[in-house]
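The C-terminal residue of the sequence shown carries number 422 in the working numbering, and the numbering is unbroken.
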Amino acid sequence: MLAHTPVVPKLSFFYGISIYMYPRDHNPPHFHAIYGEFSAQVLISNGLLVNGSLPRRAERLVREWLHAHQNEIYQAWINLQGGKSVEAIEPLR
């Protein structure tokens with residue numbers, strides 16, 4: 330029997346950066362940003378990279394996206410931690 334693997338929603342994609350959030354992930358509230366071979370966990374509260382790294386330009390774009398959509402991103406965190414689904418969030422343009 331195959332083990333159930335939770336679906337990891339891609340919240341957004343812009344300028345080659347993929348943004349993911351894992352269901353029932355550990356605190357503090359954060360999301361995962363992936364750009365090429367780089368990846369980082371980013372705090373929703375302040376945009377700090379707490380694990381991993383991104384090139385300077387990608388980090389700036391991720392923070393800009395976070396600033397524009399912080400409430401939506403935090404609501405996605407709450408929904409996923411409660412076992413609910415989430416909708417994609419508008420990419421940075």
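By construction, the Cβ of each residue, glycine as well, lies at the ideal position given by its N, Cα and C atoms.
> DSSP puts residue 396 in a beta bridge; with which residues?
Replying inline: None; residue 396 has no bridge partner.
> Straight-line CA distance for residue 386 to residue 371?
Replying inline: 15 angstroms
> In angstroms, rounded to a whole number, what distance separates the CA positions of residue 373 and residue 379?
Replying inline: Their Cα atoms are separated by approximately 11 angstroms.
>> If distances are taken between C-alpha atoms only, which option among 338, 340, 415, 345 comes closest to residue 390?
In response: 345
> In whole angstroms, what separates the C-alpha of residue 410 from that of residue 354?
Replying inline: CA-CA distance, residue 410 to residue 354, rounds to 7 angstroms.
>> I need the DSSP call for residue 349, collapsed to helix, strand or coil.
In response: strand
> Which two residues bound the contiguous beta strand (DSSP E) that contains residue 361?
Replying inline: 359-364
> Assuming residue 340 contacts residue 417 under a Cβ cut-off of 8 angstroms, what Cβ separation, rounded to an integer in Å, is found between them?
Replying inline: Yes, residue 340 and residue 417 are in contact; Cβ-Cβ is about 6 angstroms, under 8 angstroms.
> Just to confirm, are residue 343 and residue 406 a CB contact at a threshold of 8 angstroms?
Replying inline: Residue 343 is not a Cβ neighbour of residue 406, given a cutoff of 8 angstroms.
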